[in-house]
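Residue numbers (the working numbering): 3 to 59.
Where a beta carbon is used, it is the ideal one built from N, C-alpha and C, also for glycine.
Contents: one structure, followed by commentary.
So this is what it looks like as structure tokens:
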């Protein structure tokens, strides 16, 4: 089993919520490449806060 494997792929994070609206979803000016682990942790935090985006301290 390998450990400390570096990921070379990214996912797209939408900097503004699209709410399933196709025009907002596909607006590339609102896209941000991000690693899957970071994206997933941010998405979970947002769900825990009932859909409100997290704000930096």
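Opening and closing residue of the alpha helix (DSSP H) in which residue i lies
i, result
"residue 25", "24-27"
Endpoints, the beta strand (DSSP E) within which residue i is located
i, result
"residue 34", "33-36"
"residue 20", "It is not in any beta strand (DSSP E) - residue 20 carries neither H nor E in the DSSP assignment."
Helix, strand or coil at residue i [DSSP, three-state]
i, result
"residue 40", "helix"
Identity of the residue in the options nearest residue i by Cα
i, options, result
"residue 12", "51, 35, 46, 43", "35"
"residue 27", "14, 47, 45, 44", "14"
"residue 31", "20, 51, 10, 47", "20"
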